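Participant: Right, I'll just put the structure down here and ask away after.
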Amino acid sequence: MAEPNLYEILGVSKNANSGEIKRAYHRLAKEFHPDKNPEAGDHFKEISFAYEVLSNPEKKEIYDRHGLQGLKEGAGGAGGFPGDMFEGLFGGLFGGPFGGFGGMGGMGGMGGMGGMGGRPRKRKGEDTVHQLKVTLEDLYNGKVAKMKLSKSIICTKCQGVGGKAGAMQPCRTCSGRGIKITMRQLGPGMVQQMQSVCPDCRGEGEMINERDRCKACKGTKTVSEVKILEVNVDKGMQDGQKIPFRGEGHQQPGVEPGDVIIVLHQIEHDLFSRKGDNLVCTHKIGITEALCGFEFSIQQLDGRNLVVKNPPGNVIEPGGVKCVPSEGMPHYRNPFEKGNLFVKFDVTFPETGFITEAQVKSLEALLPPREQVQVPEGENVDEVNLEEYEAHRNSHGGNRREAYHDDSDEEDPGVRRVQCASQ
1 MAEPNLYEIL GVSKNANSGE IKRAYHRLAK EFHPDKNPEA GDHFKEISFA
51 YEVLSNPEKK EIYDRHGLQG LKEGAGGAGG FPGDMFEGLF GGLFGGPFGG
101 FGGMGGMGGM GGMGGMGGRP RKRKGEDTVH QLKVTLEDLY NGKVAKMKLS
151 KSIICTKCQG VGGKAGAMQP CRTCSGRGIK ITMRQLGPGM VQQMQSVCPD
201 CRGEGEMINE RDRCKACKGT KTVSEVKILE VNVDKGMQDG QKIPFRGEGH
251 QQPGVEPGDV IIVLHQIEHD LFSRKGDNLV CTHKIGITEA LCGFEFSIQQ
301 LDGRNLVVKN PPGNVIEPGG VKCVPSEGMP HYRNPFEKGN LFVKFDVTFP
351 ETGFITEAQV KSLEALLPPR EQVQVPEGEN VDEVNLEEYE AHRNSHGGNR
401 REAYHDDSDE EDPGVRRVQC ASQ
């Protein structure tokens, strides 16, 4: 049997333009509107559906090429009726996803749509998302974590039927569709079709007597099972990275199980922060170390101690950043390659009054000479003193950023400003 022709339903030719399609719809809508013709409710749904498709250029093109099956599968990826939207329209119009066209005058008894190009694709269930907390050490070294999850599986006692053989019957309220269709008039010649879950069968489309229900699943067709998943956290994985387990989601009869998605959530580290495949840390040194060299150790994420040296004469400026090549994070799926380790230096200066006058003279002899400044003289010259700054004393700036504020620390330390040169 041929599928119903939407052009014939509206009474227009295949070459009809948008204006002709619109006029045909309004003419038929006035004639078969449920308010004027209560017995023509099903035919009015057919008219509304035909207009919905043919008035949309993308849907019309898909229908012209692939027919109703093309609309269901969203042929070409543009303008189709994806998933539940198609099921809702065809459920109300055709008496089920692929049932007979009983309500279409002159077309009843055409049977299913099995000759329209293969069986329908199996609907897939929803994915289940779980969060797994990991440390930066876990992402550096890799680990295997075990997660205990509870999921629904098809009852083995009744094989997902819900009870005795033949005990499950189609719901009388929704005729087995699982949805309830209601019509709402918006204005003259305009009607809105709404659908909702059937309140009697709760969207199942089937009902079973209490005495015939399966003792194991109590008619729900599924039972709960505890599943332990082994999650492989590979070296170099990122915070927020997803690890899928295909087909491990909840099971339902007639539905392809969804996936279990594990999302990694990295716990903040005490020393290191991560910038892509690079590691960044801050280390405090005194002015002596900044000028005269230093040596200290950093414990790497795999437990190794990295001895960091800076020779005398290689001066470290406050906020300066140095690089340790290939001591960052392993590259994902290429763990033998690593990013870099950036060390930002916080140089601390002596407290006020710590240096004596004699020490100042000794330092002046060792350090480069002071810059010679020409001090102006005259009536318009005032001498002022520097005082310790207290933030609460500055009450006139509002939210304005002051001239003394240095926002360089707000950037990724050193990653943008310093190139790591291999030594």
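Counting from 1, position 383 in the sequence shown corresponds to residue 383 in this note's numbering; the numbering is continuous, with no gaps. Glycine is no exception: its CB is placed at the ideal position from the N, C-alpha and C atoms. A quick note: this is a predicted structure, and the numbers were derived from the prediction, not measured.
Under the rule that 16 or more other beta-carbon atoms within 10 Å means buried, what is GLY163, buried or exposed?
Facilitator: Buried.
Participant: What does the Cβ neighbour count give for GLU377, buried or exposed, with the cut at 16 atoms within 10 Å?
Facilitator: Classification of GLU377: exposed, given that the 10 Å Cβ count is below 16.
Participant: Taking the alpha carbon of THR135 as the point to measure from, which residue in ASP302, GLU357, SER362, GLU351 has its own alpha carbon closest?
Facilitator: Taking only the C-alpha atoms, the option nearest THR135 is ASP302.
Participant: DSSP state of SER18, grouped into three classes?
Facilitator: Three-state DSSP puts SER18 in a helix.
Participant: Beta carbon of LYS218, beta carbon of PRO253: below 7 angstroms?
Facilitator: The answer is no: Cβ separation not under 7 angstroms.
Participant: Quick check: the Cα distance between ARG177 and GLN195, rounded to an integer number of angstroms?
Facilitator: Their backbone Cα atoms lie some 11 angstroms apart in a straight line.
Participant: Looking at the structure shown, is GLN266 part of a helix, part of a strand, or coil, going by DSSP?
Facilitator: Residue state, collapsed to three classes: strand.
Participant: Given that a residue counts as buried once 16 or more other Cβ atoms are within 10 Å of its Cβ, and exposed if not, what is VAL129?
Facilitator: Exposed: under 16 other Cβ atoms inside 10 Å.
Participant: Buried or exposed for SER48, going by 16 or more other Cβ atoms inside 10 Å?
Facilitator: It counts as buried.
Participant: For SER408, count the other beta carbons within 10 Å of its own beta carbon; 16 or more makes it buried, fewer makes it exposed. Which is it?
Facilitator: For SER408, the pLDDT reaches just 47, beneath the cut-off of 50, and the residue's location in the model is therefore unreliable, although a value from the coordinates is still provided. So SER408 ends up on the exposed side.
Participant: Starting from ILE9, follow the beta strand (DSSP E) in both directions and report where the run begins and ends.
Facilitator: Premise fails: ILE9 lies in the alpha helix (DSSP H), 6-10, not in any beta strand (DSSP E).
Participant: By DSSP, does ASN310 sit in helix, in strand, or in coil?
Facilitator: Here ASN310 sits in strand by DSSP.
Participant: Using only the alpha-carbon positions, how far apart do ILE287 and VAL233 sit?
Facilitator: Each residue's alpha carbon lies about 43 angstroms from the other.
Participant: Would you report the Cα separation of ASP346 and ARG333, rounded to the nearest angstrom?
Facilitator: If I take the Cα positions, the gap works out to 35 angstroms.
Participant: With 16 as the cutoff for other CB atoms within 10 Å, does PHE342 come out buried or exposed?
Facilitator: Counting Cβ neighbours within 10 Å, PHE342 comes out buried, since at least 16 surround it.
Participant: Leaving aside the five residues before and after LEU139 along the sequence, list all residues of the same chain whose C-beta is less than 6 angstroms from its C-beta, in chain order.
Facilitator: So the qualifying residues of the chain are MET237.
Participant: Which residues in the same chain have their Cβ closer than 7 angstroms to the Cβ of VAL315, if we skip the five residues on either side of it in sequence?
Facilitator: Closer than 7 angstroms at the Cβ level, and outside the excluded window around VAL315, lie ALA290, LEU291.
Participant: Taking only the alpha-carbon atoms, compute the straight-line gap between PRO188 and GLY41 and give it to the nearest angstrom.
Facilitator: Roughly 16 angstroms between the two C-alpha positions.
Participant: Does the stretch 262-269 come within contact of the stretch 167-184, defined as at least 3 CB pairs closer than 8 angstroms?
Facilitator: Touching, no, given that fewer than three Cβ pairs across the two stretches are closer than 8 angstroms.
Participant: Tell me GLY342's beta-bridge partners as DSSP assigns them.
Facilitator: According to the sequence provided, residue 342 is Phe. The question's Gly does not apply to it. Bridge partners of PHE342: VAL280, CYS323.
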